[in-house]
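Per numbering that gives the first Met the number 0, the very first residue in the sequence shown carries number 0; after that it's consecutive.
Written below as structure tokens is the structure these notes are about.
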Amino acid sequence: MSKSEGSPIIRTRLCGTSDILDGQLRVTDVGHNAVAVYRHDGEYYAVEGTCPHRGLRLEGSIVEQGTVICPSHFWRFDAASGQNVWPKTSQCLRRYSLIAEGDSLFLQLDRDGKPV
Ligand code: FES
């Protein structure tokens, strides 16, 4: 496999920056992948849109005190890193590359259209 295979070459607009308010999380489908977008301390983040606990979508999650809180069983993940905070497990939210440009947020995709 060459080094360039799998590297991000595409980007897609997810939403406008004004669509994402502090404390709120929005889940969008990109192809077959759910992607969650939120703002924390003025920065925008994109992570996988399903919870690693039981694979349920993160819709209805809140971002509070530096954590993303899944509404299903209240697992908490660090808002900046996606690392699990509570309960302590090795399962975390996978982060994706998000670019804020002008009034828009763009997600980087690999050659297969998967978020990277
Ligand atoms: S599915 Fe998210 S905490 Fe259980």
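By construction, the Cβ of each residue, glycine as well, lies at the ideal position given by its N, Cα and C atoms.
The continuous beta strand (DSSP E) containing glutamate 47 extends over residues 42 to 47. Note: phenylalanine 105 is bridge-paired with Arg12, Ile98 in the DSSP secondary-structure output.
Counting of Cβ neighbours within 10 angstroms places serine 96 among the exposed residues, the total staying below 16. Within the chosen limit of 7 Å, the ligand FES reaches the beta carbon of cysteine 50 through at least one heavy atom.
Closer than 7 Å to some heavy atom of the ligand FES: that describes the Cβ of serine 71.
Nearest to glutamate 47 by alpha-carbon distance, out of Gly59, Arg38, Gln64, Thr27, is Thr27. In the assembly as shown, tryptophan 85 is an exposed residue. Its beta-carbon has fewer than 16 other beta-carbons within 10 Å.
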